[in-house]
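Protein chains in written order, with my numbering: chain R, 382 to 677; chain C, 356 to 670.
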C-alpha cells in the first residue's frame, strides 16, 4: 500500500477496473434471482406474470406473508422447524465439543485409534436402508430425535473444532489450570469452552443452517404433522397438493393469485433467517476450512 | 521454597505424562473417556450397526427377523438390478449427470477465487464474498422451488426474459442443464473458500517481487497463484471424482417429473423408491452397496493417477 503511486502502473489500474466490473456482474447474477423472488412476493401476481416486476414491486402487498402465517400447516411447519433447529443445534454443538476436546488432547491414551474409529464414518456408511432399519428398531420413527441421532456426530465440524483447540487455545493456559489442580472437566468447561467462542459461533451457524434447511430426513422418519417448513412447502412450490387444499372454494382467478403470492412468500420465509445470520461469522469461514483441510 | 518445588513437580508430571504406566494414564484420563462415551455409543449404534447391516444385500431380509436372521440369497439382488428394465438408463444418467456436472462446475470456484484474490479494496472484496456465499445457505427445497417457478411457462422469469412459453420441466433435454447450472449458482461461491484460504497463505513478498519485475496482474495469477493452488485443485478433484456415482439425490428428486425421466432417472432415486416407498429393503441395500463399491474403486484409481502424475495423494 505504501508505494501505491509508484508500483501501480496503467495496466494494473486497467486490470482493477476489469476485475471490479467482472465481480459486480457475477454478484448480480448470484443476487438477482433472490431479489426477484423478494420483489415478486410483495407484488400483484398478474403484474409478475406480465413482467412488470423486474426491478421494483408493483401494487405492493403483504398478503402472501399473511396467508403463509394464517395457514395452519405452514405455521405448524414453521414452529416445527424452529424446534428442530434449536434442539438440533444444541445436540450438534454438545456432541461435537465433547468429541473434539478429548481428541485434541495429545496425552489421551489410544487417541489415534479413537480418531480412526470416528473418521471412518466420514467415508463409509451403511447407506439409506440399513440406517433406516436401525433407526426404526430403536424407536425413532415418528420421533424428533430421528433428525439428529442417525446423523451421528458431525465429523466435519469435529475436525474443525479439534484443530482449533490444538492450534488456537494456548497450551500454557491449560497447563496452568492443571497445575492449579483443575481436572479435565474443569479445564474443558472453564478454559476450553470460553476460549473457543469464535469457532463455537461457526458451528452454531453451520448446524442451524443444516437443521433449518433439512427436509429429507423428516420425509423418511416423521409423520405429516411433524413435517418441518421446507417439507410443507413442497406441497406448494414443487407439487400443488397443499396449495389446492389452501385455495379450495376460491374462484379460479383468486386461487391463482393467492397461490402465486404464497409460493414466493413461503420461499422468502424459508430462506431469510439463514441469510440473515451467516454474514456474522463469515470472517471465520476461511480459517475453519483451512484448519479442517490441513489434517483430515 | 517447598511450595515452588511442589509446583515444579506438578509441572513436570503435567508436561511428561509418558513417564507413567499406560494403566495409570488411562485411569487418570477417565474424564476424557467419559466425555467420549455418548458420542461413541451413538456412532456404534447409528454408524457401525448399519455398516454391519449391509449384509442384508445378500439376504432376503424380513422385518420380523434381525439383520442376520434372514435367508442367505447371495448375488440374487444384484442380478435383479443388472437385469432391471431401466438399469442401463439409470447408470448412463447417473454417470452423465455427475460427469458433466463435474466438468462444468469444477473450474468455476477456481476462476472465481483467482479473481476475488486480486481485489484490492477490502470492503468491496468482503461484499463480493458475502453475496457469493449466500445461495449456499438456502435450502435445496427453496432452490428447486425457484427453479420451477422461474421455468414455469406461465409468467416464469426465464420465459418472460426470452419471450417464450416453454415448460422446461417437461423437456428431458433441459434437465441436465437445469441441474448443473443451478448447482453452479448455489455452490460455486462457497467452493471458493478453500482456494481463497490457500491463496491467503501465499507470501506477499512474492507478489511484491513480481510487481517490481514488472509482472502484470495476469502474469502474477499465471505464475504465482495457479502453481500455489495446484495441489489443492488436485486434492479437490480426487474428492469429487470419487463421488461420480453419487449425484445429489435431493435435487434430482425435487426436479424430476414424469416427463423428464429419460434423463433424470438416476440410481439414488431408485434406491429411495425401492427401499422407502416399496419396502424392498434388501434390494435397495444391494443397489446402494453397488454404488458405494464403484465410488471406492474410482477413488482408488483417481488417487493412483494423481500420485503418479503430480505426486499428490489423498489416501
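For glycine and all other residues, C-beta sits at the position ideal for the given N, C-alpha and C. Computed from a prediction, not measured in an experiment: that's the story for all the values here.
Interface flag, residue i vs chain R, CB-CB below 8 Å
i                     : result
residue 523 (chain C) : no
residue 435 (chain C) : no
residue 659 (chain C) : no
residue 647 (chain C) : yes
residue 565 (chain C) : no
residue 365 (chain C) : Note that residue 365 (chain C) has pLDDT 45, beneath the 50 cutoff, so the model's placement of it is unreliable and no number is given.
residue 662 (chain C) : no
residue 432 (chain C) : no
residue 377 (chain C) : yes
residue 540 (chain C) : yes
residue 598 (chain C) : no
residue 456 (chain C) : no
residue 505 (chain C) : yes
residue 439 (chain C) : no
residue 671 (chain C) : Because chain C here runs from 356 to 670, residue 671 (chain C) falls outside it and cannot be looked at.
residue 751 (chain C) : There is simply no residue 751 (chain C) to check, as chain C begins at 356 and stops at 670 in what is shown.
residue 671 (chain C) : Residue 671 (chain C) falls outside the range modelled here, since chain C spans only 356 to 670, and no answer is possible.
residue 424 (chain C) : no
residue 520 (chain C) : no
residue 406 (chain C) : yes
First through last residue of the alpha helix (DSSP H) which encompasses residue i
i                     : result
residue 619 (chain C) : 616 to 619
residue 443 (chain C) : 442 to 460
residue 411 (chain C) : Unbroken run through residue 411 (chain C): none, as it is neither H nor E.
residue 459 (chain R) : 453 to 485
residue 428 (chain R) : 426 to 430
residue 393 (chain C) : 385 to 398
residue 481 (chain C) : 477 to 488
residue 511 (chain C) : Where residue 511 (chain C) is concerned, there is no enclosing alpha helix (DSSP H), given that its DSSP letter is neither H nor E.
residue 420 (chain C) : Premise fails: residue 420 (chain C) is in no alpha helix (DSSP H) and is neither H nor E.
residue 505 (chain R) : From DSSP, residue 505 (chain R) is part of no alpha helix (DSSP H); its letter is neither H nor E.
residue 525 (chain R) : Unbroken run through residue 525 (chain R): none, as it is neither H nor E.
residue 628 (chain C) : Residue 628 (chain C) -> no alpha helix (DSSP H), and no H or E assigned at all.
residue 643 (chain R) : 633 to 658
residue 430 (chain C) : Element bounds for residue 430 (chain C): n/a, residue is neither H nor E.
Among the options, nearest to residue i - alpha-carbon criterion
i                     : options                    : result
residue 471 (chain R) : R:415, R:492, R:592, R:510 : R:592
residue 592 (chain C) : C:454, C:431, C:557        : C:454
residue 651 (chain R) : R:662, R:419, R:411        : R:419
residue 635 (chain C) : C:414, C:547, C:569, C:463 : C:414
residue 645 (chain R) : R:403, R:400, R:614, R:485 : R:614
residue 436 (chain C) : C:622, C:471, C:579, C:390 : C:622
residue 537 (chain C) : C:584, C:547, C:493        : C:493
residue 563 (chain R) : C:379, C:377, C:384, C:375 : C:384
residue 594 (chain C) : C:482, C:653, C:629, C:505 : C:653
residue 568 (chain R) : R:423, R:578, R:554, R:497 : R:554
residue 644 (chain C) : C:410, C:496, C:389        : C:410
residue 627 (chain C) : C:641, C:546, C:560, C:425 : C:641
residue 525 (chain C) : C:589, C:497, C:508        : C:508
residue 586 (chain R) : R:662, R:463, R:504        : R:662
residue 590 (chain C) : C:416, C:391, C:461        : C:461
residue 417 (chain R) : C:556, C:600, C:515        : C:515
residue 495 (chain C) : C:605, C:651, C:618, C:412 : C:605
Chain C contact for residue i (CB, 8 Å cutoff)
i                     : result
residue 667 (chain R) : yes
residue 497 (chain R) : no
residue 396 (chain R) : yes
residue 591 (chain R) : no
residue 418 (chain R) : yes
residue 581 (chain R) : no
residue 494 (chain R) : no
residue 663 (chain R) : yes
residue 415 (chain R) : yes
residue 465 (chain R) : no
residue 572 (chain R) : no
residue 486 (chain R) : yes
residue 563 (chain R) : no
beta-carbon residue i near the ligand FMN non-hydrogen atom, thresh 7 Å
i                     : result
residue 559 (chain C) : With respect to the ligand FMN, the structure shown offers nothing to examine, as it has no ligands at all.
Q | Residues of the segment 518 to 538 of chain R whose Cβ lies closer than 8 Å to any Cβ of chain C, in chain order | A | 519, 530, 531, 532, 533, 534
Q: Anything in the segment 467 to 491 of chain C with a Cβ closer than 9 Å to a Cβ of chain R? List those residues in chain order, please.
A: 467, 470, 471, 473, 474, 475, 476, 479, 480, 481, 482, 483, 484, 485, 486, 487, 488, 489, 490, 491
Q | Whole alpha helix (DSSP H) elements within the segment 545 to 629 of chain R, 4-residue minimum | A | 552 to 560, 578 to 594, 597 to 602, 610 to 618, 622 to 627
Q: Give, in chain order, every residue of the segment 432 to 448 of chain R whose Cβ lies closer than 7 Å to some Cβ of chain C.
A: 432
**Q.** 4-residue-minimum alpha helix (DSSP H) runs that sit fully inside the segment 519 to 606 of chain C, ordered along the chain
**A.** 527 to 554, 559 to 567, 572 to 575, 581 to 596
Q: Check distances from the C-beta atoms of the segment 635 to 658 of chain R to those of chain C and list, in chain order, the residues that come in under 7 Å.
A: 644, 648, 651, 652, 655, 656
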